[in-house]
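As structure tokens, the structure follows; a few thoughts come after it.
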Amino acid sequence: MMAQYASILFSMILVNNFVLVRFLGICPFLGVSKKFDSAAGMGAAVTLVMVLATAVTWPIQQLLAAWGLEYLQTIAFILVIATLVQLLEMAIKKFIPPLYTALGVYLPLITTNCAVLGITITCIDEGYTYPQALVAGLGAGLGFLLAMVLFSGVRRRLEDAEPPACFRGMPITLIAAAITALSFVGFSGVIDHLFGA
Amino acid sequence: MHPIILTVVLVAAIGLAGSIILVLASRALAVEEDGRLPDVVAILPGANCGSCGYPGCEGYAKAMLDGAPVNACGPGGTRVAQELAAYLGVDAGKTAVKRAIVACRGAKDRKLLTVDRANYEGAPSCRVFATLANISDSCTNGCIGFGDCVASCPFGALSLNENDVAVVDPAVCTGCGLCTTICPRHLISLQEKGQRERVSFVLCHSTLVGKRAKEACANTCLGCHKCEKVCPTGAVTVENNVAHVDVAQCIGCGACRDACPVGAIDPMAWVG
Numbered sequence: 007m008m009a010q011y012a013s014i015l016f017s018m019i020l021v022n023n024f025v026l027v028r029f030l031g032i033c034p035f036l037g038v039s040k041k042f043d044s045a046a047g048m049g050a051a052v053t054l055v056m057v058l059a060t061a062v063t064w065p066i067q068q069l070l071a072a073w074g075l076e077y078l079q080t081i082a083f084i085l086v087i088a089t090l091v092q093l094l095e096m097a098i099k100k101f102i103p104p105l106y107t108a109l110g111v112y113l114p115l116i117t118t119n120c121a122v123l124g125i126t127i128t129c130i131d132e133g134y135t136y137p138q139a140l141v142a143g144l145g146a147g148l149g150f151l152l153a154m155v156l157f158s159g160v161r162r163r164l165e166d167a168e169p170p171a172c173f174r175g176m177p178i179t180l181i182a183a184a185i186t187a188l189s190f191v192g193f194s195g196v197i198d199h200l201f202g203a
Numbered sequence: 003m004h005p006i007i008l009t010v011v012l013v014a015a016i017g018l019a020g021s022i023i024l025v026l027a028s029r030a031l032a033v034e035e036d037g038r039l040p041d042v043v044a045i046l047p048g049a050n051c052g053s054c055g056y057p058g059c060e061g062y063a064k065a066m067l068d069g070a071p072v073n074a075c076g077p078g079g080t081r082v083a084q085e086l087a088a089y090l091g092v093d094a095g096k097t098a099v100k101r102a103i104v105a106c107r108g109a110k111d112r113k114l115l116t117v118d119r120a121n122y123e124g125a126p127s128c129r130v131f132a133t134l135a136n137i138s139d140s141c142t143n144g145c146i147g148f149g150d151c152v153a154s155c156p157f158g159a160l161s162l163n164e165n166d167v168a169v170v171d172p173a174v175c176t177g178c179g180l181c182t183t184i185c186p187r188h189l190i191s192l193q194e195k196g197q198r199e200r201v202s203f204v205l206c207h208s209t210l211v212g213k214r215a216k217e218a219c220a221n222t223c224l225g226c227h228k229c230e231k232v233c234p235t236g237a238v239t240v241e242n243n244v245a246h247v248d249v250a251q252c253i254g255c256g257a258c259r260d261a262c263p264v265g266a267i268d269p270m271a272w273v274g
């Protein structure tokens, strides 16, 4: 039982990392990863939204399925996610003003972060139970956080590097992101062997 | 129930529930902003020029509410500093009056216009011209006259005169300094007001010598040292064949202006 949850959690963090393996949520990944503080803050905010979103959308999906309205999934989920992000924005503005200024426009943009919609729909498609879905949401969020934090470190190195002029700025950042993503390919199969799932 | 009605009711219900939660949350999590902020922003000129060193007028307003000095606004000058001081109940301090000035008089038939610009087919922009154009033996320190600085001025203080040379209207100029970064030939500088209402200023940066200088532009400074000799305070120096007036030492007597054989020195008037 525990092994199953651990398997879901770590496969979401490492093997199926939302940013580096599934390429979801690239916008904040490139936009807010310049500084460690804002990257970690963004990762934590997205993790929170992902867990809350799975917690709310899973019951809604059961409701939709009971009435045979599964085709409303996308619109209903987006509505819920948008509400959650608004809520989170108010909370951050109230309790952590520096993070609010650091995240700027990327905070409301979590609304349209496909990683959040991605995890809610993944949980439904994989047929997870409610606790499994929550663990998957947490795992996906932590995976996002991990990717953000790792890449903020990579970018700090990039600032001191002196690539050819035509690669400076966004091009070298994208190449670095691609190499970071490549390293995550190495995790495929690890979880299956560890937990035997 | 008809599926369409069910669909609409369901989505509306989710939306309603969400909005109720948000309304309650906005009450509970409301952040109090300093009520004086909009008033302070209203006093500032709103040019968002950045001459104060803060990101835009609102950034400066926030900084002032946190205790920053009120005299940093270049466009607003003394008047805005006093208004801000009165509103915030602090000392106004001294505001440095700065004005931009273009150090070129040009001439209608200067070689830059008659040869270089006549053969130039690129975009009508000084900065493009400076990188692309073939420069003949014209003055390489003269105003190109496409008016990049005119377009950059948020206050409309710059214009091109009849010689296609940019001139600053000191009555409109606020000293924000945006134009000084635009000119590819670095002809525009900010001058700070000292004791005098008027000072002399050399309106030429040409380092060309003698015949070549005269051929390139009729109003060029020849570096003849006449101004240097007549100046009673030693404010004028000639270096690299071009005269320079130290504004801080100039007493505005006009001796150098009268002595200049080509009229390259002009009084600079302060307004405001």
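Top line first, the protein sequences correspond to chains A and B. Under our numbering, the first residue of the first sequence is numbered 7, with each subsequent residue one higher. Under our numbering, the first residue of the second sequence is numbered 3, with each subsequent residue one higher. Where is the CB? At the ideal position from N, CA and C, for every residue including glycine. None of these values were measured; they are calculated from a predicted model.
Short CB-CB distance (under 8 Å) between residue i and chain B
| i | result |
| --- | --- |
| residue 130 of chain A | no |
| residue 96 of chain A | yes |
| residue 89 of chain A | yes |
| residue 73 of chain A | yes |
| residue 182 of chain A | no |
| residue 78 of chain A | yes |
Simplified DSSP assignment, three categories, for residue i
| i | result |
| --- | --- |
| residue 269 of chain B | strand |
| residue 183 of chain A | helix |
| residue 97 of chain B | coil |
| residue 89 of chain A | helix |
| residue 137 of chain B | coil |
| residue 246 of chain B | strand |
| residue 217 of chain B | helix |
| residue 81 of chain B | helix |
| residue 168 of chain B | strand |
| residue 76 of chain A | helix |
| residue 43 of chain B | helix |
| residue 162 of chain B | strand |
| residue 27 of chain A | coil |
| residue 141 of chain A | helix |
| residue 9 of chain B | helix |
| residue 199 of chain A | helix |
| residue 7 of chain A | coil |
| residue 103 of chain A | helix |
Closest by C-alpha distance to residue i, when choosing among the options
| i | options | result |
| --- | --- | --- |
| residue 253 of chain B | B:262, B:264, B:48, B:269 | B:269 |
| residue 30 of chain B | A:55, A:76, A:93 | A:93 |
| residue 218 of chain B | B:21, B:149, B:110, B:124 | B:110 |
| residue 161 of chain A | A:42, A:16, A:72 | A:42 |
| residue 263 of chain B | B:196, B:229, B:120, B:244 | B:229 |
| residue 38 of chain B | B:8, B:79, B:91, B:18 | B:91 |
| residue 56 of chain A | A:40, A:83, A:175 | A:83 |
| residue 22 of chain A | A:145, A:39, A:134, A:164 | A:145 |
| residue 166 of chain B | B:119, B:69, B:137 | B:119 |
| residue 180 of chain A | A:193, A:125, A:164, A:18 | A:164 |
| residue 159 of chain B | B:139, B:148, B:180 | B:180 |
| residue 125 of chain A | A:16, A:118, A:40, A:147 | A:147 |
| residue 255 of chain B | B:100, B:121, B:53, B:200 | B:200 |
| residue 6 of chain A | A:81, A:66, A:190, A:110 | Outside the displayed span of chain A (7 to 203) sits residue 6 of chain A, for which this structure offers no information. |
Beta-carbon gap between residue i and residue j smaller than 8 Å
| i | j | result |
| --- | --- | --- |
| residue 112 of chain B | residue 151 of chain B | no |
| residue 71 of chain B | residue 178 of chain B | no |
| residue 189 of chain B | residue 104 of chain B | yes |
| residue 150 of chain A | residue 121 of chain A | yes |
| residue 222 of chain B | residue 208 of chain B | yes |
| residue 132 of chain B | residue 146 of chain B | yes |
| residue 207 of chain A | residue 14 of chain A | Since the first residue of chain A shown is 7 and the last is 203, residue 207 of chain A is not available in this structure. |
| residue 245 of chain B | residue 204 of chain B | yes |
| residue 24 of chain B | residue 107 of chain A | no |
| residue 170 of chain B | residue 266 of chain B | no |
| residue 224 of chain B | residue 215 of chain B | yes |
| residue 45 of chain A | residue 155 of chain A | yes |
According to DSSP, residues forming a beta bridge with residue i
| i | result |
| --- | --- |
| residue 187 of chain B | BP columns for residue 187 of chain B are empty, so no partner. |
| residue 12 of chain A | Answer by DSSP bridge pairing: none, since residue 12 of chain A is not bridged. |
| residue 102 of chain B | B:192 |
| residue 200 of chain B | B:271 |
| residue 174 of chain B | In the DSSP output, where bridge partners are listed per residue, residue 174 of chain B has none listed. |
| residue 160 of chain A | In DSSP, residue 160 of chain A forms no bridge with anything. |
| residue 238 of chain B | B:247 |
Short CB-CB distance (under 8 Å) between residue i and chain A
| i | result |
| --- | --- |
| residue 114 of chain B | no |
| residue 133 of chain B | no |
| residue 61 of chain B | no |
| residue 2 of chain B | Limits of chain B in this structure are 3 at one end and 274 at the other, which puts residue 2 of chain B out of reach. |
| residue 24 of chain B | yes |
| residue 16 of chain B | yes |
| residue 46 of chain B | no |
| residue 102 of chain B | no |
| residue 9 of chain B | yes |
| residue 20 of chain B | yes |
| residue 180 of chain B | no |
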